Every structure is written in structure tokens, then in C-alpha cells.
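These notes concern the structure reproduced below.
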């Protein structure tokens, strides 16, 4: 709200723990969100919870052991035979995750931060409130994911009553591993709205911030950049209500 109030509501995408945070945000501040994408993040409670990764941070579990466990748990197609058969892939994934593990290693509050996030993860539970969610939502997952199995995401989507796409490749990291994922999500986010109001019941208002030195911004009769120009410009500072959106252009 403080950074870009003129752009609200916005589209929000959360992945893994970020998807859990996004669920709380959507329930607490629905007026801020136009569309919501939840990737591999369950509801908690009666909807089930992801693999208890806090166990990987127990005393006696080394960084190397934690990374190894994460690699195998993140993708159910990985096993000892895969490690031998795909040595270069194993080495790449291991190197990347070890690098991530070492981020902020010298920070004095790093351990406290990890502890707080793991505790928040264990206590995550929005199951009872999910029927309140009236925002257009897409739930995404991968059948290879063994940290957040698609069965949990099936429950999440059914509870919200929203769209889902649970056949991406790559396991828990499908958003980065499957080249089809982000284009699909981008298209879903950009498709035309079904009504003049967002699904959370709030009208989408835009404030014109450009064209101050030209008497406002130009307006066209249609969505194309070659469509006929309107006779008058839209004044800088004007507020308009979105009726329909097509990519980056709106009818108001």
C-alpha cells in the first residue's frame, strides 16, 4: 500500500512457504489482491501439511545431510539409481542447494530467522477460513513433488473452489524446472476479467499518473495500438474504474 498504492489490487504468487504466507495475506487483506497463485503450499490443519522439514534442522543433522535429504524429498523420481545414472544433474542440484544453505551464514540472526520460519510453518493452518476466500485463485503443483504432494493441493483447490493445474514437471521446484510453468501462470494472470469487479468484490480503480506535461494520456477506441484515437485525453490524476483487461491494456 505504501510503495505502489496506484497499482492496487495486484496479482500475488507464492511458492512453497511463500504460498502459505500468501494465503494469510489474502485472508487478512483481500482488498490488496486481484488474483492469487499458490504453488506447492498447502492449507495446513485438516487440509494436511507438507513434509516436516524442521526435522532436517534437528541437532546432529549436518548441512550436507540436510541438502541430500532435500534433493531426494523434493522429487519422488530421484533415488540412488538416479544419482548414479544422472551424476551431472546430481552435482548441479547439490551445488545449487549447498550454495543456498550458505547464504547469510555469518549473519548473527540467521539461526533465529530459520527457527522462526520453521515455527511459523509448523503452525500454519488456514483450513477453516479458506471458504471466505473470494479472490480468483490458481493452485499449481507437480505429481513428482514429495514435499507437498498433489493430494494436499487437490484438497486446497477444492476447499477454495478454484482452478488448479497439478501436472507440472520437476517436483517441488517445478516453477523453475518446468519451462511451461511461468508462461502458463502469466497467461492465466493476464486473461480478461470476468466482470467489472474483481472476485473479491472490490472494483479495480486506476489513477492516471502520466502525461502531466501533455495534458493527460491518449485514449483509443479499442485495445489495439492502431485503433482510433479519442478526441480528448484522459487527465493526469483522473481515477478510472476497470471494466475489462487485456494484457496491459484496460477498458474503463
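In our numbering, the protein residues as written are 12 to 263. Beta carbons: idealized from backbone N, C-alpha and C, even for Gly. None of these values were measured; they are calculated from a predicted model.
- Three or more Cβ pairs closer than 8 Å define a contact, and the segment 36-51 meets that threshold against the segment 173-192.
- Less than 9 Å separates the beta-carbon of residue 137 from that of residue 55.
- For residue 148 against residue 47, the beta-carbon gap comes to about 4 Å, under 8 Å, which counts as contact.
- Under the criterion of beta carbons closer than 8 Å, residue 155 and residue 88 qualify as touching, at roughly 5 Å.
- The beta carbons of residue 150 and residue 175 sit about 4 Å from each other, so the pair counts as a contact at 8 Å.
- In the DSSP assignment, residue 24 falls outside any alpha helix (DSSP H) and within the unbroken beta strand (DSSP E) covering 21-26.
- Per DSSP, reduced to three states, the secondary structure at residue 251 is strand.
- Taking residue 59 as the centre and dropping the five residues before and after it, the same chain places the C-beta of 53, 163 and 166 closer than 7 Å to its C-beta, in chain order.
- Taking the C-beta atoms as reference points, residue 38 is found nearer than 9 Å to residue 141.
- Look at the segment 149-208 and you find these whole runs of alpha helix (DSSP H), each 4 residues long or longer: 161-171, 185-188 and 192-201.
- Between residue 244 and residue 238, the C-beta gap is not smaller than 9 Å, which leaves the two residues out of contact.
- Less than 9 Å separates the beta-carbon of residue 77 from that of residue 112.
- For residue 18, there is no enclosing beta strand (DSSP E), as DSSP gives it neither H nor E.
- Here residue 86 is buried: its Cβ has 16 or more other Cβ atoms, across all protein chains shown, within 10 Å.
- Residue 48 sits in a strand when the DSSP states are folded into three classes.
- Rounded to whole angstroms, the gap between the alpha carbons of residue 157 and residue 262 is 43 Å.
- Beta-bridge annotation (DSSP): residue 82 is not paired with any residue.
- Straight-line spacing of the CA atoms in residue 98 and residue 236 works out to 51 Å.
- Within the segment 62-129, complete alpha helix (DSSP H) segments of at least 4 residues are found at 74-85, 91-96 and 98-112, given in chain order.
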